[in-house]
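Asks:
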Amino acid sequence: MKAKSLFSLAIILMALAGCSENEITEQNPDANKPIGFDTYTTAQARGAENGLPAVKTSGFGVMAYQTNGAYSTAGAKSEFMNNQKVTWNSSGNAWVYSPVKFWPADANDKISFFAYAPYAGSNGITPVSADASNNPKVKFELQTNQKNMVDLVVSDPTDGSNNTMDKNSTSGTVNFKFLHPLTRVAMEAKTGTDISANTDTKVFITGVSLIHTSKLNSKGTLDMKTLTWASNTSDYLASPYALTAASSNGILNLTAANFAGYTTSSIDISSAGTTATSLFPANEYLFLLPVSNATGTAVAGDVQVKIAYDMVNKTGAATHTKSSVEKTVNLPAGVFKKGTAQKFTFTVSLNAISFNVTTVEGWGTESDTPVTVQ
């Protein structure tokens, strides 16, 4: 999972599709224009954000349905495209797909388009076709390896300025605006007191886990028209859900320490003073299924974070003493909303040992003790 910060990007790409000689002779291009695709995206893929470059690499999938008149969830619809893969042709600077489809000639025939990225494969993404009573859907399952987590993006079919519903031949190129239906999580930590100049004491994060009770799903089903996740009361992440080392296909940026004989795989958060240190590799994140769509967690503590850390004091060039601590903290209400990016910053409080002299007792009355020396 490689990841990047959420960004807003509007890019217009010419999407021209090539067609074979037979297809050209069978269709009248004046009456039946080929359907082309453009994209613009706020999107990000694999532990890294699925932005436009990533979508160009993976391609995107299109589900399309033809209706006589306006599209209706509970209405008759003919499948026009079933998980059609669209790829970027860098030499032609265009989005292409095969076989090419053409706009219907009848003005009453409408086509509604839905898209997602990255294209389905061994990434936990499974598109589901619409039927007479349902919209198309995407089934999504989180990857076992946190490093391979996928930043799923889907088109907004009812975008106010550029929707993809009920299109016809006068619509021209179909423009997809991709949105993030997951929740993105970053974590960082710092010490409450600046000890960066202290050469004898350091603080190392050694483990992080998410704790929850039936809150964080491992699987979900997204309606591609309403852009809402169906309730799932059976598939949850383990609790505690331990963040594993990046070196082992995880997300936690653990490396072997080298401090006065302390070599534990950990993250030094003391060297930066009170500036927070990322617990993940640069531009990498957790991509998780949201809690209750746009609502997020109901109360503080619905999801908790358990942090393990060592406070290490140097006693010699290669010797130290260590105090190992585990703390569990509540995350606030309203986190893990659909389409939001959160960064949790944890502050480790330090209780320095200090000294204070309150009084000095007087000597009292001096006693005279005779000693005879013979």
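Each number in my numbering comes from the position in the sequence shown (counting from 1) with 16 added on.
Every residue gets a Cβ at the ideal spot worked out from N, C-alpha and C, and that includes glycine.
A quick note: this is a predicted structure, and the numbers were derived from the prediction, not measured.
Could you work out which residue in Asn-139, Thr-186, Ser-107 is closest to Ser-74 when comparing CA atoms only?
Replies: If we check each option's Cα against that of Ser-74, Asn-139 comes out closest.
Asks: Roughly how many angstroms lie between the CA atoms of Gly-350 and Thr-199, to the nearest whole one?
Replies: Their backbone Cα atoms lie some 12 Å apart in a straight line.
Asks: Just checking my contact of Phe-118 with Val-190 at CB under 8 Å: how many whole Å lie between their CB atoms?
Replies: Rounded, the Cβ-Cβ distance is 13 Å, inconsistent with contact.
Asks: Tell me the rounded alpha-carbon separation between Ser-107 and Val-321.
Replies: Computed Cα separation, rounded: 48 Å.
Asks: Quick check on Asn-367: buried or exposed, where buried means 16 or more other Cβ atoms within 10 Å of its Cβ?
Replies: It is exposed - the Cβ of Asn-367 has fewer than 16 other Cβ atoms within 10 Å.
Asks: With a 10 Å radius around its C-beta and 16 neighbouring C-beta atoms as the bar for buried, classify Val-341 as buried or exposed.
Replies: So Val-341 counts as exposed.
Asks: I'd like to know whether the C-beta atoms of Asn-269 and Ser-294 end up nearer to each other than 9 Å.
Replies: Yes.
Asks: Among Val-144, Ile-51, Ile-127, whose alpha-carbon lies nearest the alpha-carbon of Val-112?
Replies: Taking only the C-alpha atoms, the option nearest Val-112 is Ile-51.
Asks: Taking the alpha carbon of Lys-241 as the point to measure from, which residue in Phe-303, Pro-197, Pro-173 has its own alpha carbon closest?
Replies: Comparing Cα positions, the closest option is Pro-173.
Asks: Give, in chain order, every unbroken run of the beta strand (DSSP E) that is at least 3 residues long and sits entirely within the stretch 201 to 261.
Replies: If we require 3 residues or more, the beta strand (DSSP E) runs fully inside the stretch 201 to 261 come out as 217 to 228, 235 to 239.
Asks: Excluding five sequence neighbours on each side, which residues of the same chain lie with their C-beta closer than 8 Å to the C-beta of Pro-391?
Replies: Coverage of the chain is limited to positions 17 through 390, which leaves residue 391 absent and any answer about it impossible.
Asks: Run through DSSP, which three-state label would Asn-164 get?
Replies: In this structure, Asn-164 counts as helix in the three-state DSSP scheme.
Asks: Could you have a look at Ser-340 and say whether DSSP puts it in helix, strand or coil?
Replies: Residue state, collapsed to three classes: strand.
Asks: Ordered along the chain, which non-local residues of its own chain (more than five positions away) have a Cβ less than 6 Å from that of Ile-211?
Replies: Excluding residues within five positions, the ones whose Cβ falls inside 6 Å are Thr-217, Ser-286.
Asks: Would a C-beta distance cut-off of 9 Å place Lys-163 and Tyr-135 closer than the cut-off?
Replies: For Lys-163 and Tyr-135, no; Cβs fall outside 9 Å.
Asks: Can you tell me which of the three DSSP states Ala-70 falls into?
Replies: Looking at Ala-70 - three-state DSSP - the assignment turns out to be helix.
Asks: With DSSP collapsed to three states, give me the class of Thr-290.
Replies: The answer is coil: DSSP assigns Thr-290 none of H, G, I, E or B.
Asks: Nearest CA to the CA of Asn-150: which residue from Thr-209, Thr-237, Thr-331, Lys-338?
Replies: Considering only alpha carbons, the answer is Thr-237.
Asks: Grab me the residues of Thr-331's own chain with a C-beta within less than 8 Å of its C-beta, minus the 5 sequence neighbours each way, in chain order.
Replies: Around Thr-331: Ala-276, Thr-337.
Asks: Run through the DSSP bridge pairs and tell me what Lys-93 is partnered with.
Replies: Partner(s): none; Lys-93 has no beta bridge.
Asks: Taking the C-alpha atoms as reference points, what is the distance between Tyr-132 and Glu-300?
Replies: So the two alpha carbons sit approximately 21 Å from each other.
Asks: Around the C-beta of Pro-69, are 16 or more other C-beta atoms found within 10 angstroms, so that it is buried, or is it exposed?
Replies: By the neighbour-count rule (16 or more Cβ atoms within 10 Å), Pro-69 is not buried but exposed.
Asks: For Thr-361, does the three-state DSSP call read helix, strand or coil?
Replies: Thr-361 falls in the strand class under three-state DSSP.
Asks: With DSSP collapsed to three states, give me the class of Ser-281.
Replies: Of the three classes helix, strand and coil, the one that applies to Ser-281 here is strand, per DSSP.
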